[in-house]
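A.B. asks: Dropping a structure here in structure tokens format, bear with me for questions.
Right, here's the structure in full:
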């Protein structure tokens with residue numbers, strides 16, 4: 064039966080729909096913008112998408128574990144504020160390296176606070192991370208009250224201009240993360256993660272360390288947000304305590320487009336990565352399709368809603384036919 | 609599990625390599641920047657039309673709407689003369705990364721000049737530098753950037769704020785208790801404006817500032833902040849505020865209707881003039897000041913861009929700013945009791961309440977910035 068085959072396929076490969084959407088979006092974009100396929104254009108797009116991709120991966124892992132992280136954008140801001148003030152426009156590379164290391168710990172620390180409150184104090188994820196997002200946003204403003212600071216151009220050029228064998232730097236980073244995920248997914252931890260997200264009580268009864276797993280997802284999310292913050296700093300070469308704000312909702316949208324249900328226990332990171340790329344491509348398509356100014360925001364949102372609703376629509380149509 | 613992921617990685621890498629290989633070949637020999645370099649390196653050949661792009665990262669304000677609208681109108685003038693092509697507009701609510709994408713798309717479309725209303729003081733530097741390297745003329749409108757090579761077109765925010773601050777201080781006779789409602793703390797325009805206010809107030813030591821709070825350039829917040837101030841200081845002698853918040857603040861005063869009205873400053877918007885008119889019916893002696901913050905600086909910037917593309921030499925002695933690359937545009941309208949009736953009955957007559965008092969330089973007026 065066709066119906067079950069599609070359902071099975073999307074269940075086994077949660078990113079299947081996102082992949083389909085990616086092919087469509089990429090084709091549309093490439094038709095409208097023929098030089099999209101050139102390495103330099105590909106690179107200029109990917110370097111803009113990468114911060115969101117990194118944050119989305121963390122978000123997706125939290126969502127698989129049955130939670131949600133509203134504080135990721137603020138963590139990006141904290142990291143950006145920290146790097147911009149501590150490295151500075153004329154900073155040297157060794158300071159930059161040290162500060163990036165510190166930034167990763169700051170991200171994990173912020174994630175650990177979230178995890179502690181949610182997994183051990185047992186507060187609601189959405190409320191908790193919403194509340195902590197203000198703590199982190201406030202911290203970012205405290206570190207960097209006025210936009211300023213930055214990173215030296217030698218450093219930003221590495222992020223902005225590295226192309227190895229026709230492929231932008233971002234591709235290698237994504238490939239590395241997919242590789243790590245593939246290994247992680249196979250371990251006992253990977254199985255616990257899905258069990259905890261699916262049904263925490265049942266997982267607890269079978270002896271899974273529910274709290275530790277929940278806690279860990281937020282630490283991972285904090286770490287990924289810190290990486291996103293580093294990427295954002297290298298992209299903009301400057302500091303702004305509000306730079307991460309828009310990433311929070313975009314990361315959730317990208318994860319959902321990528322086939323990660325808000326109910327947890329399913330999904331992966333492949334789909335969310337694709338989801339984040341799709342969000343960026345949609346903006347390009349609108350730009351190159353020459354959508355009238357006053358309609359750009361509307362069209363952008365409409366396409367996102369359509370992308371979010373599409374799996375449901377497909378299911379509905381298939382059920383009717385079956 | 610893993611096999612699938614490895615397969616996917618392989619597919620991603622393979623397709624990407626394929627894509628890169630297909631598209632990559634020509635780019636090694638033919639620089640994609642060639643068309644954009646023409647205007648900068650050589651005078652434009654006869655009949656070549658220029659393309660101008662605008663990047664705007666914030667749409668939820670009347671200022672920006674009016675800015676885009678008048679940009680389209682002014683570009684149409686040049687288009688009808690066969691000088692420019694259709695304006696390329698990148699306008700959507702977005703963040704720094706999103707504006708970088710807007711700018712990259714404009715570069716990719718091969719525009720000859722970029723007008724940018726920046727969302728961040730430094731975050732666009734590298735991207736704007738890339739545009740400049742490709743020979744694209746980059747003009748920051750409305751807000752000043754200190755990026756080397758980037759021209760600025762806008763009003764002098766500090767002087768702008770001083771006009772109404774000085775009016776307030778003189779109206780108070782140099783003494784009294786006032787409060788200040790400011791825009792976003794840390795935003796470059798707000799910082800410059802508040803510096804201007806402080807400089808003026810320093811000359812009037814008998815004016816005491818009882819409180820200073822942000823109204824976030826938002827009408828509703830301005831109203832709320834003013835209500836709180838009126839509750840805490842019932843005998844307030846005056847207040848200073850600016851753009852977007854002055855309407856809300858005055859509405860708060862109208863609602864509270866204190867025995868003695870504080871001396872207040874307004875903003876250059878028809879809706880504010882309506883409130884002014886309304887108040888005049890109750891108190892014929894009421895007076896205030898409205899200094900226009902013109903969205904028209906952007907279309908003026910477009911005219912400057914067109915003239916530069918046509919190969920005219922900028923007269924650097926006429927420019928100001930930190931890098932000496934700023935075209936300072938004079939404030940077009942200041943409304944006081946002397947000209948209130950005139951402006952209100954003519955300019956605002958057939959305009960919506962949201963209309964901002966504006967001024968766009970003509971092509972002739974713009975010539976003052978160029979070497980004859």
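Protein chains in written order, with my numbering: chain G, 64 to 385; chain B, 609 to 980.
In this text, a Cβ means the ideal position worked out from N, Cα and C, and glycines have one as well.
1) Select from the stretch 829–843 of chain B all residues with a C-beta closer than 8 Å to any C-beta belonging to chain G, and list them in chain order.
2) Between which two residues does the beta strand (DSSP E) holding residue 270 of chain G run?
3) Of all Cβ atoms in chain G, is any one closer than 7 Å to the Cβ of residue 712 of chain B?
4) For residue 911 of chain B and residue 745 of chain B, what's the separation of their Cα atoms in angstroms?
5) Quick one: residues in its chain with C-beta nearer than 6 Å to the C-beta of residue 859 of chain B, no 5 flanking neighbours on either side, listed in chain order?
6) With DSSP as the reference, label residue 125 of chain G as helix, strand or coil.
7) Sorted by chain position, which residues of the same chain lie with C-beta nearer than 8 Å to residue 373 of chain G's C-beta, five sequence neighbours on each side aside?
8) Return helix, strand or coil for residue 841 of chain B, following the three-state DSSP convention.
9) I want to verify the contact list: residues of chain B whose CB lies under 7 Å from the CB of residue 96 of chain G, in sequence order.
10) So, for residue 732 of chain B: in the same chain, excluding its five sequence neighbours on each side, which residues have a beta-carbon less than 8 Å away from its beta-carbon?
11) Which of the residues in the stretch 98–113 of chain G, read from start to end, lie with their CB under 8 Å from any CB of chain B?
12) Quick check: does the Cβ of residue 858 of chain B come within less than 6 Å of any heavy atom belonging to the ligand SAH?
13) Could you please tell me which residues of the stretch 748–771 of chain B, in chain order, have their CB closer than 8 Å to any CB of chain G?
14) Can you name, in chain order, every residue of its own chain whose Cβ lies under 7 Å from the Cβ of residue 765 of chain B, other than the five neighbours on each side?
15) Would you kindly check if the distance between the Cβ of residue 281 of chain G and the Cβ of residue 273 of chain G is under 7 Å?
16) Less than 7 Å between CB atoms is the rule here; does residue 218 of chain G satisfy it with respect to chain B?
17) What does the alpha-carbon distance come out to for the pair residue 241 of chain G and residue 95 of chain G?
18) Can you confirm whether residue 912 of chain B, when its beta carbon is compared against all beta carbons of chain G, has any partner nearer than 7 Å?
19) Can you give, in chain order, each stretch of the alpha helix (DSSP H) that sits fully within the stretch 83–166 of chain G and has at least 4 residues?
20) Hey, which unbroken runs of the beta strand (DSSP E) at 3 residues or more fall wholly within the stretch 737–804 of chain B?
21) I need the boundaries of the alpha helix (DSSP H) containing residue 349 of chain G, first residue and last residue.
22) Identify the contact partners of residue 821 of chain B in chain G, using a Cβ-Cβ distance below 7 Å as the criterion.
23) If we cut at 7 Å on Cβ distances, does residue 137 of chain G have a partner in chain B?
24) Could one say the Cβ of residue 309 of chain G lies closer than 7 Å to chain B's Cβ atoms, at least one of them?
25) What whole-angstrom Cβ distance do residue 116 of chain G and residue 237 of chain G have, given they're in contact under 8 Å?
26) Quick check on the burial criterion: 16 or more other C-beta atoms within 10 angstroms. Buried or exposed for residue 221 of chain G?
27) From G:114, G:102, G:225 and G:218, pick the residue whose C-alpha is nearest to that of residue 309 of chain G; which is it?
28) Could you list the residues in the stretch 918–944 of chain B with a C-beta less than 7 Å from some C-beta on chain G, going in chain order?
29) Which residues bound the beta strand (DSSP E) around residue 696 of chain B?
30) Count the other CB atoms within 10 Å of the CB of residue 627 of chain B; is the residue buried (16 or more) or exposed (fewer)?
31) Tell me the DSSP secondary structure of residue 645 of chain B in three-state form.
32) Rounding to the nearest angstrom, what Cα-Cα distance links residue 333 of chain G and residue 312 of chain G in this structure?
33) Given a threshold of 16 other Cβ atoms within 10 Å of its Cβ, counted over all protein chains shown, does residue 110 of chain G qualify as buried or as exposed?
34) Please tell me whether residue 359 of chain G has its Cβ less than 7 Å away from any Cβ of chain B.
35) Roughly how many whole angstroms lie between the Cα atoms of residue 384 of chain G and residue 68 of chain G?
36) Compute the Euclidean distance between the alpha carbons of residue 298 of chain G and residue 143 of chain G, then round it to the nearest angstrom.
C.D. replies: The answer reads as follows:
1) none
2) Here residue 270 of chain G refers to the residue found at position 207 of the first chain. Premise fails: residue 270 of chain G is in no beta strand (DSSP E) and is neither H nor E.
3) The residue given as residue 712 of chain B occupies position 104 in the second chain. Answer yes: the Cβ-Cβ gap between residue 712 of chain B and chain G drops below 7 Å somewhere.
4) Position 303 of the second chain, counted from the start, is the residue given in the question as residue 911 of chain B. Position 137 of the second chain, counted from the start, is the residue given in the question as residue 745 of chain B. Near 13 Å, if we compare the C-alpha coordinates of residue 745 of chain B and residue 911 of chain B.
5) As a first step, residue 859 of chain B is located in the second chain; it is residue number 251 there, counting from the start. 831.
6) Here residue 125 of chain G corresponds to residue number 62 of the first chain, with the count starting at 1. Annotated three-state conformation of residue 125 of chain G is helix, per DSSP.
7) Translated into the one-based positions of the first chain, residue 373 of chain G becomes position 310. Closer than 8 Å at Cβ, skipping near neighbours: 80 and 84.
8) Within the second chain, the letter at position 233 stands for residue 841 of chain B. The answer is coil: DSSP assigns residue 841 of chain B none of H, G, I, E or B.
9) On the first chain, residue 96 of chain G is found 33 positions in, with the first residue counted as 1. Near residue 96 of chain G (Cβ distances below 7 Å), the residues of chain B are 716.
10) As a position in the second chain, residue 732 of chain B is number 124, starting the count at 1. Setting aside the 5 residues that flank it on each side, residue 732 of chain B is surrounded in the same chain by 704, 707, 708, 711, 724, 726, 753 and 755, each with a C-beta closer than 8 Å to its C-beta; the list follows chain order.
11) 98, 99, 100, 101, 102, 103, 104, 105, 107, 108 and 111
12) Among the components of this structure there are no ligands whatsoever, and the ligand SAH is therefore not found.
13) none
14) Here residue 765 of chain B is taken as the residue at index 157 of the second chain, counted from 1. Counting only Cβ-Cβ distances below 7 Å, and skipping sequence neighbours, we find 797, 800 and 801.
15) Here residue 273 of chain G refers to the residue found at position 210 of the first chain. Here residue 281 of chain G refers to the residue found at position 218 of the first chain. Not in contact: residue 273 of chain G and residue 281 of chain G (Cβ atoms no closer than 7 Å).
16) Indexing the first chain from 1 puts residue 218 of chain G at position 155. Not an interface residue.
17) Within the first chain, numbered from 1, the residue matching residue 241 of chain G stands at position 178. Within the first chain, numbered from 1, the residue matching residue 95 of chain G stands at position 32. Going by the C-alpha atoms only, they are around 30 Å apart.
18) For this step, residue 912 of chain B is matched to residue 304 along the second chain. By this cut-off, residue 912 of chain B is not an interface position.
19) 102–127 and 135–149
20) Listed in chain order, the complete beta strand (DSSP E) runs (minimum 3 residues) inside the stretch 737–804 of chain B are 745–749, 759–762 and 784–790.
21) As a working note, residue 349 of chain G is residue 286 in the first chain. Taken as a continuous stretch (DSSP letters only), the alpha helix (DSSP H) holding residue 349 of chain G covers 333–352.
22) If you number the second chain from 1, residue 821 of chain B lands on position 213. The premise fails here: residue 821 of chain B is roughly 16 Å from chain G at the closest Cβ pair, so nothing lies under 7 Å.
23) Looking up residue 137 of chain G in the first chain gives position 74. No, its Cβ sits nowhere closer than 7 Å to a Cβ of chain B.
24) For this step, residue 309 of chain G is matched to residue 246 along the first chain. Using beta-carbon distances, residue 309 of chain G counts as an interface residue toward chain B, with a partner under 7 Å.
25) The residue you call residue 116 of chain G lines up with position 53 of the first chain. The residue you call residue 237 of chain G lines up with position 174 of the first chain. Contact holds; Cβ gap of about 7 Å.
26) Walking along the first chain from the start, residue 221 of chain G turns up at place 158. Answer is exposed; the Cβ neighbour count stays below 16.
27) Within the first chain, residue 309 of chain G is the residue found at index 246, counting from 1. Residue 309 of chain G has its Cα closest to that of G:114, out of G:114, G:102, G:225 and G:218.
28) none
29) If you number the second chain from 1, residue 696 of chain B lands on position 88. Residue 696 of chain B -> beta strand (DSSP E) spans 696–699.
30) What you label residue 627 of chain B is simply residue 19 of the second chain in a count that begins at 1. Note that residue 627 of chain B scores 41 on pLDDT, short of 50, meaning its location in the model is unreliable and no value can be drawn from it.
31) As a working mapping, residue 645 of chain B is identified with position 37 in the second chain. Because residue 645 of chain B carries a pLDDT of 37, less than 50, the predicted location of this residue cannot be relied on, and the following value inherits that uncertainty. Note: residue 645 of chain B maps to helix in three-state DSSP.
32) On the first chain, residue 333 of chain G is found 270 positions in, with the first residue counted as 1. On the first chain, residue 312 of chain G is found 249 positions in, with the first residue counted as 1. Computed Cα separation, rounded: 19 Å.
33) Here residue 110 of chain G is taken as the residue at index 47 of the first chain, counted from 1. Label assigned to residue 110 of chain G: buried.
34) For the purposes of this step, residue 359 of chain G is taken as the residue at position 296 of the first chain. So yes, residue 359 of chain G belongs to the interface.
35) Along the first chain, one-based indexing puts residue 384 of chain G at 321. Along the first chain, one-based indexing puts residue 68 of chain G at 5. Their Cα atoms are separated by approximately 14 Å.
36) Residue numbering aside, residue 298 of chain G sits at position 235 when the first chain is read from its first letter. Residue numbering aside, residue 143 of chain G sits at position 80 when the first chain is read from its first letter. Distance between the alpha carbons of residue 298 of chain G and residue 143 of chain G: 11 Å.
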